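Report on the structure given below.
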């Protein structure tokens with residue numbers, strides 16, 4: 225944070241994603257606008273200060289001989305193995321798709337579903353695309369016997385926050401505190417992380433009930 229503030233970056237949120245994470249980890253959202261190269265340098269310096277490991281090395285350090293270069297900041301490109309056509313999960317992904325009403329994709333051992341809002345969110349007057357984190361993110365990680373651990377981000381507006389919470393809690397899904405990711409978003413949006421480990425089909429139906437409380441784009 226200190227490095228980002230000194231270099232002109234904006235801090236937009238600091239929060240947790242899970243209630244019992246070990247070790248306890250906080251997430252910090254940042255914003256910046258300007259020359260891409262300069263912004264990347266600022267972010268690399270901040271990541272180096274946090275001792276974030278990238279590709280077997282810490283940002284700002286050097287990779288071991290023969291190792292691949294550092295990963296990109298943010299989600300970056302999905303590794304080839306994450307989208308290989310023969311990759312499978314111990315989950316009935318077709319049933320998940322049917323329940324949620326969206327088709328997900330396998331990414332690094334997790335079944336990920338992205339659901340954009342019906343309107344195009346803006347921050348400081350600029351459209352924030354789905355790839356920049358404005359969409360609802362739902363992830364299923366198989367835990368055996370048809371069960372899955374789920375986590376991700378719902379993106380409701382103020383009127384939708386409590387209906388979404390009610391739907392999630394009514395289906396046995398834990399909700400982490402509503403928070404913001406942006407400072408000047410239009411419409412004003414909130415982000416809510418969630419967690420559960422239960423029958424994947426049951427959880428998918430509960431998530432659909434929560435999605436029905438949000439104005440999402442047609443699938």
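In my numbering, the protein residues as written are 225 to 443.
Even glycine gets a Cβ: it sits at the ideal position worked out from N, Cα and C.
Predicted model only: the values in this text are computed from it and were never measured.
Between residue 360 and residue 342, the C-beta spacing is not below 9 Å. Annotation: residue 227 to residue 269 spans about 7 Å, alpha carbon to alpha carbon. Residue pairing of residue 371 in beta bridges, as defined by DSSP: 368 and 423. In terms of CA proximity to residue 334, 311 leads the group 324, 352, 311 and 353.
Rounded to the nearest whole angstrom, the CA to CA distance from residue 420 to residue 366 is 12 Å.
Contact check between the stretch 313 to 332 and the stretch 341 to 358: fewer than three CB pairs, one atom from each, fall below 8 Å, which does not count as touching. When C-alpha distances from residue 254 are compared across 436, 401, 410 and 267, the shortest belongs to 267.
The Cβ atoms of residue 325 and residue 364 lie no closer than 9 Å to each other.
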